[in-house]
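Colleague: Shown below is the structure under consideration.
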Amino acid sequence: MSEEAEEDCPVCVPGLPAWLATFGDLMALLMCFFVLLLSFSEMDVLKFKQLAGSMREAFGVQNQIKVEDVPKGTSIIAQEFSPGRPEPTPLNEVRQMTVNNDMNTLDIRSEKGESDVLDSLQGEAERMKEEEKKEQAKKDAIQFAAVLSQEIDEGSIEIETDGKKIIIRVQEKGSFVSGSARLKDDYIPVIAKIRDLLLTIKGKISIEGHTDNIPADGKIFTSNWDLSAARALAVANEIFADVRIKQKKFEIVGRANTRPLVPNNTAANRATNRRVEIIIERGKDNEKIDRITVKEATDTASDALRSEEIF
Numbered sequence: 603m604s605e606e607a608e609e610d611c612p613v614c615v616p617g618l619p620a621w622l623a624t625f626g627d628l629m630a631l632l633m634c635f636f637v638l639l640l641s642f643s644e645m646d647v648l649k650f651k652q653l654a655g656s657m658r659e660a661f662g663v664q665n666q667i668k669v670e671d672v673p674k675g676t677s678i679i680a681q682e683f684s685p686g687r688p689e690p691t692p693l694n695e696v697r698q699m700t701v702n703n704d705m706n707t708l709d710i711r712s713e714k715g716e717s718d719v720l721d722s723l724q725g726e727a728e729r730m731k732e733e734e735k736k737e738q739a740k741k742d743a744i745q746f747a748a749v750l751s752q753e754i755d756e757g758s759i760e761i762e763t764d765g766k767k768i769i770i771r772v773q774e775k776g777s778f779v780s781g782s783a784r785l786k787d788d789y790i791p792v793i794a795k796i797r798d799l800l801l802t803i804k805g806k807i808s809i810e811g812h813t814d815n816i817p818a819d820g821k822i823f824t825s826n827w828d829l830s831a832a833r834a835l836a837v838a839n840e841i842f843a844d845v846r847i848k849q850k851k852f853e854i855v856g857r858a859n860t861r862p863l864v865p866n867n868t869a870a871n872r873a874t875n876r877r878v879e880i881i882i883e884r885g886k887d888n889e890k891i892d893r894i895t896v897k898e899a900t901d902t903a904s905d906a907l908r909s910e911e912i913f
């Protein structure tokens, strides 16, 4: 029976069937079609990263693998599925590009012209403040002139203003003996008047001594620098006789003949140039002066010689 069935089976045609060639052509055409689609497409990297970030955030990272035995040493599982943290994507992290990464706040650029307006207003406010100081200096100078009117009439005192500065000019006439730095006894009450005026005003005070261009005789003072500084110090010491005077806002300066008021070509002009000026500058930061004075005093104390260093 089986032999008869085998004899009835038709003989197979050698080679591949005809439909397989058509199927192969169809697969080749589909492959070409997808290659063309891929070549025509444009890859958006940002969208790709956004999609990758969304997938990673939704599904997480596989960090637990069930195995029958604990992996020993380095294994494929440990290499491929080690715990990790997803990298940030543009979806969940936005940063501003900046040169300074440690800034806590952002500088917001003002609109065009706003900065100029603010600068103009600030400059106007400072100018008005300076004008107020100048006006106050003029009022104080008038008050000083009223108190020292007799000395002004005698020519031993001059008062003038220079901006916000008040200048009390003590002439040599009636105050010092020529070539000496000792105040005359009858001039001490005049210094006392000036001292009382200084108690009522705030600001930095400079006491400056000036001479003419005739060199010192060398008996007491070796130069005009010594003479001018000694005269300024004599006036300062008389002012400091009152304990209410704050010495830390004073400075004593010797100018010699470097700043004449008039040319030293006549005896009268030379007498004008021999003077001591008390310059009051309003508007100085007294607290700042105090801090500087304290620092200088500390530095001086630290630089003092010890007993074993004195020769």
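With the first letter of the sequence shown counted as 1, position 39 gets the number 641 in the working numbering; the numbers rise by one all the way through. Think of the CB as a built atom: it goes at the ideal place given N, C-alpha and C, for glycine as much as any other residue.
Which stretch, first to last residue, makes up the beta strand (DSSP E) that contains residue 852?
Modeller: On the sequence shown, position 250 is the one that residue 852 refers to. Per DSSP, residue 852 belongs to the beta strand (DSSP E) from 852-856.
Colleague: Taking the beta strand (DSSP E) that residue 878 falls in, what are its first and last residues?
Modeller: Within the sequence shown, the letter at position 276 stands for residue 878. Residue 878 -> beta strand (DSSP E) spans 877-883.
Colleague: Please report the distance separating the alpha-carbon of residue 892 from that of residue 765.
Modeller: As a working mapping, residue 892 is identified with position 290 in the sequence shown. As a working mapping, residue 765 is identified with position 163 in the sequence shown. Model confidence at residue 892 stands at a pLDDT of 44, short of 50, so the residue's coordinates are unreliable and nothing is read from them.
Colleague: State the DSSP-derived secondary structure class of residue 762, mapped to helix, strand or coil.
Modeller: The residue you call residue 762 lines up with position 160 of the sequence shown. Three-state result, residue 762: strand.
Colleague: Determine the DSSP secondary structure at residue 823, reduced to helix, strand or coil.
Modeller: The residue given as residue 823 occupies position 221 in the sequence shown. The answer is coil: DSSP assigns residue 823 none of H, G, I, E or B.
Colleague: In three-state DSSP terms, what is residue 772?
Modeller: Along the sequence shown, read from residue 1 onward, the residue named residue 772 stands at position 170. Of the three classes helix, strand and coil, the one that applies to residue 772 here is strand, per DSSP.
Colleague: Whole angstroms is fine: what's the gap from residue 611's alpha carbon to residue 627's?
Modeller: Counting from one through the sequence shown, the residue named residue 611 turns up at place 9. Counting from one through the sequence shown, the residue named residue 627 turns up at place 25. The alpha-carbon atoms of residue 611 and residue 627 are separated by roughly 31 Å.
Colleague: With 16 other CB atoms within 10 Å as the buried threshold, where does residue 839 fall?
Modeller: Counted from its first residue, the sequence shown places residue 839 at position 237. With fewer than 16 other Cβ atoms within 10 Å, it is exposed.
Colleague: Roughly how far, in whole angstroms, is the beta-carbon of residue 836 from the beta-carbon of residue 856, given that I think they are within contact range, below 8 Å?
Modeller: What you label residue 836 is simply residue 234 of the sequence shown in a count that begins at 1. What you label residue 856 is simply residue 254 of the sequence shown in a count that begins at 1. Not really, about 12 Å apart at Cβ, beyond 8 Å.
Colleague: With a cut-off of 8 Å on the beta carbons, I'd call residue 818 and residue 825 a contact; round off their distance for me.
Modeller: For the purposes of this step, residue 818 is taken as the residue at position 216 of the sequence shown. For the purposes of this step, residue 825 is taken as the residue at position 223 of the sequence shown. With a Cβ gap of about 6 Å, residue 818 and residue 825 count as contacting.
Colleague: Taking a contact to mean a Cβ-Cβ separation below 9 Å, would you say residue 792 touches residue 750 in this structure?
Modeller: The count along the sequence shown starts at 1 and reaches residue 792 at position 190. The count along the sequence shown starts at 1 and reaches residue 750 at position 148. Contact: yes.
Colleague: What is the rounded straight-line gap between the Cα of residue 753 and the Cα of residue 729?
Modeller: As a first step, residue 753 must be located in the sequence shown, where it is residue number 151. As a first step, residue 729 must be located in the sequence shown, where it is residue number 127. Going from the Cα of residue 753 to the Cα of residue 729 covers about 35 Å.
Colleague: Exposed or buried, residue 851, counting other C-beta atoms within 10 Å across all chains shown (16 or more means buried)?
Modeller: Within the sequence shown, numbered from 1, the residue matching residue 851 stands at position 249. By the 10 Å Cβ count, residue 851 comes out buried.
Colleague: Residue 614 by DSSP, collapsed to three states: which one?
Modeller: Residue numbering aside, residue 614 sits at position 12 when the sequence shown is read from its first letter. Coil.
Colleague: Could you give the C-beta distance for residue 859 and residue 802, rounded to a whole number, given that I count them as a contact under 8 Å?
Modeller: In the sequence shown, counting from the first residue as 1, residue 859 sits at position 257. In the sequence shown, counting from the first residue as 1, residue 802 sits at position 200. With 8 Å as the limit, residue 859 and residue 802 do not qualify as a contact, their Cβ atoms being about 33 Å apart.
Colleague: When burial is assigned at 16 or more other CB atoms within 10 Å of the CB, is residue 725 buried or exposed?
Modeller: Mapped onto the sequence shown, residue 725 falls at position 123. Exposed.
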